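This report concerns only the one structure given below.
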Amino acid sequence: MRLENKVVIVTGAGSGLGKAVSLKIASQGADLVLADINGEAIAQTAAEVEAMGRKALQCVVDVCNGESVNKMIADAVAAYGQIHGLVNSAGIFSSIPFLDLTERDWDRMININLKGSFLCAQSFIRQAVEQKTGASIVFLSSISGFIGFTKSAHYCASKGAVRQLSKAIALEFGPNGIRSNVVAPGTIETPMNAWIIDDPEMHKQSVASIPMGRFGKSEEIADAIAFLLSDEASYCTGSELLVDGGQITHC
Ligand SMILES: NC(=O)c1ccc[n+]([C@@H]2O[C@H](COP(=O)([O-])OP(=O)(O)OC[C@H]3O[C@@H](n4cnc5c(N)ncnc54)[C@H](O)[C@@H]3O)[C@@H](O)[C@H]2O)c1
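Heads up: the sequence shown runs through residues 10 to 260, numbered per the numbering used here.
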């Protein structure tokens with residue numbers, strides 16, 4: 010199987026894309042470290058992973074807290090010995106007009122989406138460098154990291170910055186065999202987008218802007234992430250994979 014003998018940490022594993030990628034890579038032979046701030050949600054994902062015959066270590070973690078993140082890595086190493094992959098899927102979205110954005114809104118968004126990705130990557134890389142096995146990190150950016158959207162300057166800024174974080178890591182740790190790549194989803198059917206999916210007018214408008222005429226499915230993002238984690242992507246680093254049904258492909 011494609012990911013046999015790999016141990017992968019997935020943050021945000023309790024919901025949406027994190028859950029979908031956990032199930033996908035478990036089906037491809039990986040053992041998992043399921044990390045999320047929501048313990049009940051990861052217990053549910055863990056039950057589904059274990060039903061496939063794979064291992065699932067559950068870590069309740071706040072990705073914005075360095076101590077919590079370091080404990081996650083230490084627990085993962087204690088359980089498995091080595092870790093080979095990290096998927097940074099924990100994240101939040103909120104729609105707020107620019108002039109209404111508070112410092113608190115800004116800090117929360119940047120802390121979870123950007124600082125959280127940094128802390129997880131740094132702690133993971135310390136372990137990966139010591140292991141000398143090579144490793145793969147996948148960051149979740151977004152089409153909002155490529156183009157602007159109204160009422161989400163804080164989200165767009167966080168997702169643009171994640172792209173640069175990934176590239177800087179790719180450069181610094183290429184010599185260690187540590188690959189760092191970005192997946193940038195378009196509008197995907199997950200709980201994060203319930204506010205669009207459940208509003209008939211928003212739904213219609215949003216789908217009209219997508220050449221493929223539909224929202225993406227979590228499994229379609231999971232496939233892209235699984236590829237970047239696998240040895241089939243052994244020469245991919247610093248790359249960015251847009252998975253958006255063509256939503257931002259304009260000439
Ligand atoms: N769904 C989309 O259309 C879409 C599009 C582009 C990018 N993304 C990005 O993909 C990632 C996953 O999105 P999703 O749709 O699966 O969202 P989701 O809301 O379904 O899941 C996010 C998960 O992150 C967890 N989380 C939030 N804060 C956390 C914290 N501080 N520490 C640990 N876990 C925390 C939540 O508990 C939740 O389980 C996000 O980074 C998001 O920005 C999603």
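C-beta: ideal position from N, C-alpha, C; glycine also. These numbers were taken from a predicted model, which means no experiment stands behind them.
When distances are taken from the beta-carbon of D207 to the heavy atoms of ligand 1, even the shortest one reaches 7 angstroms or more. Using a 10 angstroms sphere on the CB of R63, the tally of other CB atoms reaches 16 or more, which defines it as buried. Here N120 carries a helix assignment [DSSP, helix/strand/coil]. For F148, no alpha helix (DSSP H) encloses it; the enclosing beta strand (DSSP E) starts and ends at A144 to L149. Of the residues G186, A137, I119 and G183, the one whose Cα lies closest to the Cα of A170 is I119. The shortest C-alpha to C-alpha distance from R135 to any of Q91, Q173 and E249 is the one to Q91. Closest in alpha carbon position to F133, among A179, D116, D109 and G94, is G94. The criterion of a C-beta distance shorter than 8 angstroms is satisfied by S189 and T246. D240 and V96 have their C-alpha atoms spaced approximately 15 angstroms apart.
Residue pairing from DSSP places R188 in a beta bridge opposite S145.
Short of 6 angstroms from the beta carbon of I46, and not among the five residues preceding or following it, lie these beta carbons of its own chain, in chain order: D71.
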